[in-house]
Amino acid sequence: MDMSCRELSELLTVIIPTLDEAEGIGLVIEEVLSLGISRDNVLVVDGGSKDGSVDIARSKGVRVIEQEGRGKAAAIATALKHINTSYVAVLDGDYTYPANYIPQLLNEALKGYDLVIGVRRGKLTQPIKYRVGNYLLTKFFNLLFNTKLRDVLSGMYVVKTSRLRELNFEMEGFSIEAELVAHTASTAGKISEVPIDYRRRLGKKKLGVLHGFKIATDMIRLTWRYNPVFLIFIIGSLLLIPGLIIGAWVAYHYIFTGAKHYVRGLAAIMLTLTGLQSLAAAIITLYVKRIELRILRKLDELNKHH
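305 is the number that numbering that gives the first Met the number 0 gives the last residue of the sequence shown; the numbers go up by one with no jumps.
Printed below as a string of structure tokens:
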């Protein structure tokens with residue numbers, strides 16, 4: 000459905016975290032305002048820009064505040080103190096995410112979703128190392144949280160403000176998206192995805208390859224927070240690797256040389272069995288978690304009806 004300018008402004012606040020985005024921030028704000036969103040509902044959170052980003056943002060008449068702390072997570076946490084709408088849209092200030100998708104994301108959220116992620120297409124505008132990294136991190140997240148998402152780390156999304164306020168903001172910097180999705184998926188929240196275009200950024204890229212390793216580490220930390228039993232068992236299942244390697248070594252020497260390595264053979268059997276049991280337990284844990292989420296969603300629906 001088409002949404003009026005008034006409805007957009009009543010329902011939604013747009014958060015734009017910035018740090019030295021002078022080349023793109025003005026264009027981003029203009030795109031947002033062209034949708035009819037009130038200037039009071041556009042919140043630029045600056046992390047200490049020194050290139051004139053703040054002056055450009057203020058010249059557009061939108062709200063500009065200085066973030067508390069460092070990093071994107073701190074910017075969003077700061078913004079929450081200045082928001083009273085039911086939904087929040089987040090997009091970067093580097094002009095990569097077209098603001099004209101905001102109404103589409105909000106319409107999808109109004110169907111009952113807690114979080115709607117803009118799935119980036121046109122990824123050829125990204126260097127291949129970032130495309131591969133994003134693909135691997137999304138697959139890793141799906142494995143840890145039993146989800147089937149396509150772009151966990153997208154920087155453009157619409158989320159219920161109430162959901163955003165539930166976050167502890169434990170993950171710093173660029174891991175905020177992973178924390179938001181992990182929290183929503185692990186607390187019976189409903190997540191949807193909408194394809195969006197993705198443009199080449201204006202200005203210097205801040206996300207490096209090393210950030211990818213930190214995000215992966217943060218995903219493991221999030222698993223420990225939301226499903227620690229699964230994490231313990233999945234780590235235990237790694238014992239399969241040395242078990243099978245040692246077992247293959249023992250079998251090779253027995254078959255081709257006749258040498259019998261009883262101690263190593265016993266170690267291989269123990270490691271393999273422990274790994275298999277841990278893997279089976281991890282899979283069972285996922286199914287138990289899935290049942291738990293279904294029960295929570297059902298209870299939530301019953302509460303809404305009452």
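Every residue, glycine too, gets a C-beta built ideally from N, C-alpha and C. For clarity, every value in this text was computed on a predicted model and none was experimentally measured.
Quiz item: If you count every other CB in all the chains shown that lies within 10 Å of the CB of I15, and 16 or more means buried, which is it?
Solution: buried
Practice problem: Keeping to the same chain, check which residues put their C-beta closer than 8 Å to that of V208; ignore five residues upstream and five downstream. | Solution: K128, G132
Quiz prompt | Y96 vs G154 beta-carbon contact at 8 Å | solution = yes
Quiz item: By DSSP, does T95 sit in helix, in strand, or in coil?
Solution: coil
Practice problem: Using beta-carbon positions only, say whether I116 and D150 come within less than 8 Å of one another. | Solution: yes
Practice problem: Could you check which residue in R57, K59, V27, V13 has the C-alpha nearest to that of N40? | Solution: V13
Quiz item: In terms of residue numbering, what span does the alpha helix (DSSP H) encompassing P102 cover?
Solution: 101-108
Quiz item: CA-CA distance, K110 and L11?
Solution: 15 Å
Quiz item: If E22 sits next to G235, beta carbons under 8 Å apart, how far is it from one beta carbon to the other, in whole angstroms?
Solution: In fact, because the Cβ distance is near 49 Å, the residues do not count as touching under 8 Å.
Quiz item: In terms of DSSP beta bridges, what is Y86 paired with?
Solution: L11, K159
Exercise. Rounded to whole angstroms, what's the CA-CA distance from I175 to I283? Just pull it up for me.
Key: 29 Å
Practice problem: In angstroms with no decimal places, state the Cα-to-Cα distance between G60 and V43. | Solution: 11 Å
Quiz item: Tell me which same chain residues have a C-beta within less than 6 Å of the C-beta of T273, skipping the five on either side of it?
Solution: L238
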